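Right, one structure below, let's go through it.
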Amino acid sequence: MRIGIDLGGTKIEVIALSDRGQELFRHRVNTPRDDYAATVQAIVDLVLLAEEKTGQQGTVGIGIPGTISPYTQRVKNANSTWLNGQPLDKDLAQALNRDVRIANDANCLAVSEAVDGAGAGKSLVFAVIIGTGSGAGVAIGGESRIGGNGNAGEWGHNPLPWMDEDELRYRAEVPCYCGLQGCIETFVSGTGFAIDYQRLSGKALKGAEIIKLIEQQDPVAELAMNRYEMRLAKSLAQVVNLLDPDVIVLGGGMSNNDRLYQTVPALMKQWVFGRECETPVLKAVHGDSSGVRGAAWLWPVKS
Numbered sequence: 002m003r004i005g006i007d008l009g010g011t012k013i014e015v016i017a018l019s020d021r022g023q024e025l026f027r028h029r030v031n032t033p034r035d036d037y038a039a040t041v042q043a044i045v046d047l048v049l050l051a052e053e054k055t056g057q058q059g060t061v062g063i064g065i066p067g068t069i070s071p072y073t074q075r076v077k078n079a080n081s082t083w084l085n086g087q088p089l090d091k092d093l094a095q096a097l098n099r100d101v102r103i104a105n106d107a108n109c110l111a112v113s114e115a116v117d118g119a120g121a122g123k124s125l126v127f128a129v130i131i132g133t134g135s136g137a138g139v140a141i142g143g144e145s146r147i148g149g150n151g152n153a154g155e156w157g158h159n160p161l162p163w164m165d166e167d168e169l170r171y172r173a174e175v176p177c178y179c180g181l182q183g184c185i186e187t188f189v190s191g192t193g194f195a196i197d198y199q200r201l202s203g204k205a206l207k208g209a210e211i212i213k214l215i216e217q218q219d220p221v222a223e224l225a226m227n228r229y230e231m232r233l234a235k236s237l238a239q240v241v242n243l244l245d246p247d248v249i250v251l252g253g254g255m256s257n258n259d260r261l262y263q264t265v266p267a268l269m270k271q272w273v274f275g276r277e278c279e280t281p282v283l284k285a286v287h288g289d290s291s292g293v294r295g296a297a298w299l300w301p302v303k304s
């Protein structure tokens, strides 16, 4: 059995999977925000609960909104800031009396979709989370690519490519939490979409409210979506130029906008070197479950 944990800023979810990917158990609890010790204990309790309910012991994989530094062996880059600087894998291994594997939550999305989702059977899967924030992960041969610095797939913290004049103004107005300006995340996250709509309309609305206006043929909301699609296409075209993945998979709240799968692939071609690009851009098959399933699959099936 494989146990996966999705450690988010507001909830922690556990899943138990059989070798064939069958869901055996699932449960979620609220994240003890700003309390590291309580967060560790909550994860331990969920693992033990999954084992109690299934009557089996399992391997443990964990997806986190950050990564483990290969230099300090402590969490870095987590927007759940109380995790930063902590030896999370070691503390959990000691508490559970077994090895645990930890990867960035976007890498877990990539692994989940590479194993039995939209990228099943593909060698190189690039997976993007476009939700409250935005990040990406890489799966090669169904396994997470982390990299020597622990930064593989940190697409969201590269600058938006080929900026026009308005995007240059946006860059100056909307700094990224990482301390730099112009990061892809500030443009293509759901938060960035809402910020751009507010810049255009003067109204502060949530992404779902803006989507409803688009359905009502509101011209300002439609303009905001057109700009969003162009920015996402440019950002993904850059990935094709660098990695040329076999498939690009989208997850997170913005990925539920089905029009993206028609508009974005066509727009990408104008920025891909040579203007040729047939890379599939697909919605994550497992939706909100992709992260927790991918965490479980950090322990691959042995042949």
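Residue numbers (this note's numbering): 2 to 304. By construction, the Cβ of each residue, glycine as well, lies at the ideal position given by its N, Cα and C atoms. Please read these numbers as outputs of a predicted model, since none were measured by experiment.
DSSP, reduced to helix, strand and coil, places GLU155 outside both helices and strands of the structure shown, so it counts as coil. Contact annotation: the region 89-104 does not touch the region 269-278, with fewer than three C-beta pairs closer than 8 Å.
The beta carbons of LYS284 and TYR262 sit about 6 Å from each other, so the pair counts as a contact at 8 Å.
Between the region 77-84 and the region 118-127, the count of Cβ pairs shorter than 8 Å is below three; the stretches do not touch. Around PRO246, the same chain offers LEU125 and PHE127 as residues with beta carbons nearer than 6 Å, after the five sequence neighbours per side are excluded. By DSSP's assignment, PHE26 forms a beta bridge with ALA17. With contacts defined by Cβ atoms closer than 8 Å, ILE185 and LEU201 do not form a contacting pair. Between CYS179 and ASN159, the alpha-carbon positions lie close to 11 Å from each other. Comparing alpha carbon positions, the residue from GLY191, ALA107 and ASP35 closest to ARG232 is GLY191.
Distance between LEU181 and TYR198, taken at the CA atoms: about 22 Å. Secondary structure remark: continuous beta strand (DSSP E) runs of at least 3 residues inside the region 100-149, in chain order: 101-105, 125-131 and 135-141. Nearest neighbour of LEU18 by Cα position, chosen from LYS54, PRO71 and ALA225, turns out to be LYS54. Annotation: ILE196 to GLY134 spans about 12 Å, alpha carbon to alpha carbon. Spanning the alpha carbons of VAL240 and ALA296 requires a straight line of approximately 24 Å. When Cβ pairs closer than 8 Å are counted between the two stretches, the region 56-68 is seen to touch the region 103-123, the count reaching three or more. Counting C-beta atoms within 10 angstroms of its own C-beta, ASP7 has 16 or more neighbours from the protein chains shown and is therefore classed as buried. In the structure shown, VAL250 adopts extended strand secondary structure according to DSSP, grouped into three states. Residues of the same chain with a CB within less than 7 Å of the CB of ILE103, apart from the 5 flanking positions on each side, are ILE63, ILE65, ILE69, LEU89 and ASP90 in chain order. In the same chain as ASP117, and ignoring 5 residues on each side of it, the C-beta atoms closer than 6 Å to its own belong to GLY22, in chain order.
Here TYR171 is buried, its C-beta having at least 16 other C-beta atoms within 10 Å. Note that the C-beta distance between LYS12 and THR40 is not below 8 Å.
Of ARG3, LEU97 and GLY86, the smallest CA-CA separation from ALA43 is found for LEU97.
Its chain contains GLY208 and TYR229 as the residues whose beta carbon lies nearer than 6 Å to that of PHE194, once the 5 sequence neighbours on both sides are disregarded; these appear in chain order. CA-CA distance, ARG99 to PRO220, rounds to 56 Å. In the DSSP assignment, THR32 falls outside any beta strand (DSSP E), carrying neither H nor E. A direct Cα-Cα distance of roughly 45 Å separates MET226 from GLU52. Bridge partners of VAL76 according to DSSP: ILE69.
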